[in-house]
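In the working numbering, the protein residues as written are 1 to 90.
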């Protein structure tokens with residue numbers, strides 16, 4: 001809630017959207033990229049228990065990474081500011 005507060009003379013930032021982001025490394029010269037699938041995925045979204053497992057077991061430089069993504073949509077959707085925050089234990 002603190003992210004949307006601000007004494008800017010223009011009224012401040014709009015309310016941000018906060019979501020979990022899972023980033024999967026793609027090797028160089030990959031033939032294609034696909035959406036995630038399996039039992040831990042529902043409608044292309046990783047289930048909460050799988051997000052927690054990825055977050056708690058991630059290693060820098062290998063495997064899936066977990067970030068907390070915060071997005072502000074400005075100028076009637078013409079500009080989206082995205083901030084990714086590394087989360088190491090959930």
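Cβ atoms here follow ideal geometry from the backbone N, Cα and C, with glycine treated the same way.
| query | result |
| --- | --- |
| Residue 65 classed as buried or exposed, judged by whether at least 16 other C-beta atoms fall within 10 angstroms | buried |
| Local Cβ density within 10 Å of residue 54, reported as buried at 16 or more and exposed below that | buried |
| Residue environment, residue 81, which counts as buried when at least 16 other CB atoms sit within 10 Å | exposed |
| Residue(s) in a DSSP beta bridge with residue 22 | 66 |
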